[in-house]
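What follows is a set of notes on a single structure, which appears directly below.
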Amino acid sequence: MIATLHGVLTEKNPSRLVVDVGGVGYEVSVPLSTFYALGEMGAEVDLRIHTHVRQETLSLFGFATRLEVDLLSA
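Using my numbering, the letters of the sequence shown map in sequence onto residues 108 to 181.
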């Protein structure tokens with residue numbers, strides 16, 4: 108499972124980001140609270156990740172704090 112991502116913000120939309128980590132772009136869904144907490148495109152970001160696996164889909168949900176991840180998982 109992916110627990111954190113540290114990389115460069117290459118796309119930023121209110122519901123989704125792309126974070127480049129070592130040349131790989133990870134698409135991450137985020138709440139508005141995290142969207143507004145992050146810098147502009149090109150900024151380095153640290154995200155706490157909730158990895159959601161379904162039959163044919165792997166989705167990443169990113170949060171600014173561990174508390175937000177814990178609330179989702181509770």
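All residues carry an ideal CB built from backbone N, CA and C; glycine is no exception.
For residue i, three-class secondary structure by DSSP
i, result
"Glu175", "helix"
"Thr164", "coil"
"Ile156", "strand"
Whole-number beta carbon distance between residue j and residue i, since they are thought to touch under 8 Å
i, j, result
"Gly114", "Asp127", "5 Å"
Of the residues the options, the one placed nearest residue i, counting alpha carbons only
i, options, result
"Arg155", "Glu118, Phe170, Thr117", "Phe170"
"Leu174", "Met148, Thr141, Asn120", "Thr141"
"Ala144", "Glu134, Leu116, Gly130", "Leu116"
"Thr158", "Lys119, Glu134, Pro121", "Glu134"
"Arg123", "Met108, Leu178, Met148, Thr172", "Met148"
Query raised in the report: Along the chain, which unbroken stretches of the alpha helix (DSSP H) at least 4 residues long are found entirely within the stretch 123-150?
Result: Runs found: 139-144.
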